[in-house]
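Numbering (this note's numbering), first residue to last: 157 to 339. Note that beta-carbon positions come from the ideal geometry of N, C-alpha and C, so glycine has one too. Reading through the structure tokens given below for one structure.
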């Protein structure tokens with residue numbers, strides 16, 4: 157089963173994936189789709205507030221935030237990693253319970269990333285905002301280091317997330333019944 161939708165002017169078939177017995181979601185996979193990444197970045201930047209630095213969570217938001225930085229003519233962006241890396245010092249971390257992952261994850265940044273956000277206008281970027289748990293975890297990291305969150309953006313807002321007034325997105329992604337119909 158698939159759900160066809162137009163995203164940033166491009167038609168895509170999203171496979172429907174089972175989350176629970178009565179809930180399926182459309183899988184939006186930007187990895188390997190340069191055309192949708194470039195178009196989505198362009199359209200998000202048109203809607204973006206002024207920012208100094210962008211941050212995303214590892215890993216699906218990385219190609220998007222990279223392309224947004226490239227198109228905006230900026231050289232830096234931050235990736236909240238799923239675990240501490242050897243190069244990181246003074247690690248700051250938080251937990252996240254995402255709908256698309258079967259276990260609690262950790263997101264972390266180091267001192268370098270903290271310094272990049274401290275006192276600056278930070279734009280949070282993701283591919284899809286659903287329950288908001290990943291977003292909340294990134295907000296926690298930004299707030300812990302004294303960054304000023306100026307916006308929360310995603311290509312798609314899934315289900316009830318589309319009703320939020322604190323996020324900017326391109327398209328609403330519905331959630332689905334087991335038969336593929338929209339809930």
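Locate the alpha helix (DSSP H) running through residue i, then write down its first and last residues.
i           : result
residue 327 : No alpha helix (DSSP H) holds residue 327; the beta strand (DSSP E) holding it covers 324-329.
residue 298 : 289-300
residue 338 : That residue, residue 338, is in no alpha helix (DSSP H); it is neither H nor E in DSSP.
residue 193 : 190-203
In whole angstroms, what separates the C-alpha of residue i from that of residue j?
i           : j           : result
residue 244 : residue 268 : 8 Å
residue 208 : residue 271 : 12 Å
residue 290 : residue 210 : 15 Å
residue 227 : residue 248 : 29 Å
residue 181 : residue 167 : 17 Å
residue 184 : residue 205 : 24 Å
residue 306 : residue 295 : 11 Å
residue 303 : residue 297 : 9 Å
residue 315 : residue 230 : 32 Å
residue 165 : residue 195 : 8 Å
residue 328 : residue 281 : 16 Å
residue 242 : residue 286 : 31 Å
residue 213 : residue 162 : 24 Å
residue 309 : residue 179 : 24 Å
residue 233 : residue 197 : 14 Å
residue 330 : residue 240 : 34 Å
residue 388 : residue 274 : Residue 388 cannot be examined here, being either before or after the span of the chain that is shown, 157 to 339.
Can you pull the DSSP bridge partners for residue i?
i           : result
residue 236 : 213
residue 176 : 179
residue 162 : 167
residue 250 : 263
By the 10 Å Cβ neighbour count, where 16 or more other Cβ atoms means buried, how is residue i classified, buried or exposed?
i           : result
residue 173 : exposed
residue 334 : exposed
residue 301 : buried
residue 120 : Coverage of the chain is limited to positions 157 through 339, which leaves residue 120 absent and any answer about it impossible.
residue 171 : exposed
residue 336 : exposed
residue 322 : exposed
residue 283 : buried
residue 293 : buried
residue 223 : buried
Within the continuous beta strand (DSSP E) that includes residue i, where are the two ends?
i           : result
residue 312 : 304-314
residue 263 : 261-265
residue 220 : Run containing residue 220: none in the beta strand (DSSP E); it sits in the alpha helix (DSSP H), 218-228.
residue 283 : 277-285
Can you confirm whether residue i, when its beta carbon is compared against all beta carbons of chain B, has any partner nearer than 8 Å?
i           : result
residue 245 : Chain labels in this structure do not include chain B; a single protein chain is all it has.
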